[in-house]
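J.: This is the structure I want to talk about, given as C-alpha cells.
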Amino acid sequence: MTIDRQCGAGLEAIRMASYLIKAGAGTCYLAGGVESTSTSPFEKRARFSPDKIGDPDMGIAAENVAQRYNISKDQQDRYALLSHKRSWEAFEKRWFEEETLPLPNVMHDEAFMKKRNLTKLLQKASPVFLKNEGTVTAANSCGINDGACIALVMEEQKARALGFQPVLRFIDADISGVSPLYPAIAPVSAIKNILKRNSLTVDDIDLFEINEAFAVKVVACMQELGISEEKVNIHGGALTLGHPYGASGAILATRLFYESKRRDVRYVIAALGSGGGIGTAVLFEVIK
1 MTIDRQCGAG
11 LEAIRMASYL
21 IKAGAGTCYL
31 AGGVESTSTS
41 PFEKRARFSP
51 DKIGDPDMGI
61 AAENVAQRYN
71 ISKDQQDRYA
81 LLSHKRSWEA
91 FEKRWFEEET
101 LPLPNVMHDE
111 AFMKKRNLTK
121 LLQKASPVFL
131 KNEGTVTAAN
141 SCGINDGACI
151 ALVMEEQKAR
161 ALGFQPVLRF
171 IDADISGVSP
181 LYPAIAPVSA
191 IKNILKRNSL
201 TVDDIDLFEI
211 NEAFAVKVVA
221 CMQELGISEE
231 KVNIHGGALT
241 LGHPYGASGA
251 ILATRLFYES
261 KRRDVRYVIA
271 ALGSGGGIGT
281 AVLFEVIK
C-alpha cells in the first residue's frame with residue numbers, strides 16, 4: 001500500500017500497521033517510507049489546500065509560524081546549532097551505525113560528513129523567503145535529501161514466539177489538522193490530544209522526536225507544549241541529518257527504538273507537521 005501524507009507518510013504507515021494489528025487484520029507488517037528529493041522531476045508541487053484557504057510554500061509557512069509565535073532568528077539559529085552539536089556527538093559515538101545499513105561504496109551519510117563552522121554559517125545566512133523581515137534561512141532549515149526507512153511492526157506475542165525482543169509498544173496515535181498557513185505547529189494539537197486521551201502530561205513523556213524541517217518548527221512546538229529541550233531530538237535531526245520526506249516519520253520512530261534501549265524511559269512520542277496543516281503523533285510505551 002502506498003501512503004501519501006507528505007512529511008508524515010512514514011509515521012502514518014507505522015500508525016496504520018499498528019491499528020491493523022490491533023484490529024486483528026494480520027500480525028506482522030513492514031512499514032516505512034522512501035524519498036529521493038534530489039531526483040524529483042517536478043519543479044512545482046501539488047496543492048495541499050485550496051488557494052482561498054491558504055496554500056503557502058513551506059518556507060513561507062515557516063515564516064508564518066515565526067511571526068505568529070514571536071520566534072526570532074537568534075532562537076532558530078541557537079536551536080540549529082544545538083541540533084548540529086548533538087548530531088555530531090551521536091555520530092562520534094557511532095550510535096547512528098545502529099540505525100543504518102551500509103550500501104556498497106556508501107558507508108555513511110556523505111553530506112553529514114562535511115564538517116562545517118555552523119556558528120559562522122548561521123551568522124552569515126540571510127533570510128530566504130522574506131528578504132526584509134524574514135528569519136528562516138538555509139542554515140536553520142533542512143536540506144534536500146534522499147533516504148529510506150522501514151520498521152518491523154508485529155503483534156507482541158507473535159514477535160516473542162519468533163524470537164524477537166519487542167522494544168516499543170504502540171499505545172495511541174493522533175492526526176490533527178490546523179490552518180494550512182501554519183503546518184509547523186500542527187504537532188502541538190496532535191500531541192495534546194494523545195496526552196489528554198491517555199491521562200498523561202508532558203512531564204510523563206521521557207523523549208520526543210519532532211521532525212526538524214525548520215528550526216522554527218521545533219522551537220514553536222517546545223514553546224507551546226512547555227517541553228524542555230533536554231527531552232527533544234537528543235541526537236539532533238533533519239537540520240543536520242536530512243529530511244527525506246516520505247522516510248522521516250519512520251526515521252523518528254527508529255531513533256526512539258534505539259534510544260529507548262539505552263535509557264531508563266517509559267513513554268516516548270514521535271511527531272511531525274505536514275504540508276496542508278496536518279499533525280501526526282504516535283505514543284509508544286517502552287517494554288521492559
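For the sequence shown, UniProt numbering begins at 1 and goes up steadily by one. Note that beta-carbon positions come from the ideal geometry of N, C-alpha and C, so glycine has one too.
(1) Using C-beta distances below 7 Å, list every residue in its chain close to residue 83, excluding the 5 sequence neighbours before and after it, in chain order.
(2) Quick one: measure Cβ to Cβ for residue 14 and residue 250, integer angstroms, because I've assumed they're closer than 8 Å.
(3) When the Cα of residue 34 is compared with those of 190, 137, 11, which residue comes out closest?
(4) Using beta-carbon positions only, say whether residue 147 and residue 242 come within less than 8 Å of one another.
(5) State the CB to CB distance for the pair residue 79 and residue 220, rounded to an integer number of angstroms; the pair is presumed to be in contact (CB under 8 Å).
(6) Here's a check: name, in chain order, each residue in its chain whose Cβ is nearer than 8 Å to the Cβ of residue 144, leaving out the five neighbours to either side.
(7) Could you have a look at residue 82 and say whether DSSP puts it in helix, strand or coil?
(8) Does the beta-carbon of residue 222 have 16 or more other beta-carbons within 10 angstroms, so that it is buried, or is it exposed?
(9) Take residue 167 and list the residues in its own chain whose beta-carbon comes closer than 8 Å to its own, dropping the five residues that flank it on each side.
(10) For residue 175 and residue 246, what's the separation of their Cα atoms in angstroms?
(11) What do you get for residue 283, buried or exposed, if any count of 16 or more other CB atoms within 10 angstroms of its CB means buried?
(12) Kindly identify the DSSP beta-bridge partner or partners of residue 127.
(13) What first and last residue would you give for the beta strand (DSSP E) that runs through residue 209?
(14) Among residues of its own chain, excluding the 5 on either side of residue 28, which ones have a beta-carbon nearer than 6 Å to its beta-carbon?
T.: Reading off the structure:
(1) 212, 233, 236, 237, 239, 240
(2) 6 Å
(3) 11
(4) yes
(5) No, residue 79 and residue 220 are not in contact; Cβ-Cβ is about 10 Å, not under 8 Å.
(6) 37, 38
(7) helix
(8) buried
(9) 257, 260, 261, 286, 287
(10) 16 Å
(11) buried
(12) 137
(13) 207-210
(14) 154
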